[in-house]
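S.K.: Mind looking over this structure? Questions follow.
Numbering (our numbering), first residue to last: 11 to 261.
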């Protein structure tokens, strides 16, 4: 799945993730209108026919979008969009417009990933885990031009071997607890307790363990978006042009 965030270029005290997080947490939602600059969160994904949990998550995103987009408190501040039937023609319009590319798979589980490469080459800041193509991007652009959080693959293996207890993260962190409890609320006659129960009970992809590690990167994310620090994409493009010209010269 892909999560892209688009925004205005003005300064804000709230990062994109913090803006959406504040909507989940009733204790801080009163300040939404003060600290948020306009953000649009774009989700795009497909679920295999038999992947029930993936389909339920997509349904949750749709229902969450309807709730947020109709909420007068955040109208003009936060918008959530899920794009059905994600394909090249949609990517051609979304990728050049994105400011932030969130690639948050659990380290050691993503085989590759070219969507994040395309987003990075078009100037979006990559916020993600050390997994899949993020590893290659990190090696190419250096620490100063990518925002990495979460566990490394060996840390995932160690935590799983020790016995991962996602319920402890839920019990001990109020931000996680409020976000998970949000899923149990009624969304037009439907709640998503199955997702909440999965996160607390098994959480195979260790979402809660990585989520708690994402908090410290929020301030850095905002600095990148406002400063548009991600410039190595220009060097990559220059390399591509040079290779193309060389191929044309020898053909």
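Virtual Cβ for every residue (Gly too), placed ideally from N, Cα, C.
With DSSP as the reference, identify every bridge partner of residue 5, one or two as the case may be.
M.R.: Given a span of 11 to 261 for the chain in the structure shown, any question on residue 5 remains unanswerable.
S.K.: For residue 161, write down the residues that DSSP places opposite it in a beta bridge.
M.R.: Residue pairing by DSSP places residue 161 opposite no residue, since no beta bridge is assigned to it.
S.K.: With DSSP run on the structure shown, which of helix, strand or coil describes residue 56?
M.R.: coil
S.K.: Closest to residue 152 by C-alpha separation, out of 161, 140, 162, 217, would be which residue?
M.R.: 140
S.K.: How long is the line joining the alpha carbons of residue 196 and residue 188, rounded to whole angstroms?
M.R.: 15 Å
S.K.: Am I right that residue 222 and residue 180 are in contact with their C-beta atoms under 8 Å? What's the rounded C-beta distance?
M.R.: Contact between residue 222 and residue 180 is ruled out by a C-beta separation of about 10 Å, above the 8 Å threshold.
S.K.: Going by C-alpha distance, which of 70, 135, 102 is nearest residue 91?
M.R.: Per the C-alpha coordinates, the member of 70, 135, 102 positioned closest to residue 91 is 70.
S.K.: Can you name, in chain order, every residue of its own chain whose Cβ lies under 7 Å from the Cβ of residue 120, other than the five neighbours on each side?
M.R.: In the same chain as residue 120, and ignoring 5 residues on each side of it, the C-beta atoms closer than 7 Å to its own belong to 141, 142, in chain order.
S.K.: What residues are listed by DSSP as bridge partners for residue 170?
M.R.: Note: residue 170 sits in no beta bridge, so no partner.
S.K.: What is the residue span of the alpha helix (DSSP H) that residue 87 lies within?
M.R.: Careful: residue 87 lies outside any alpha helix (DSSP H) and carries neither H nor E.
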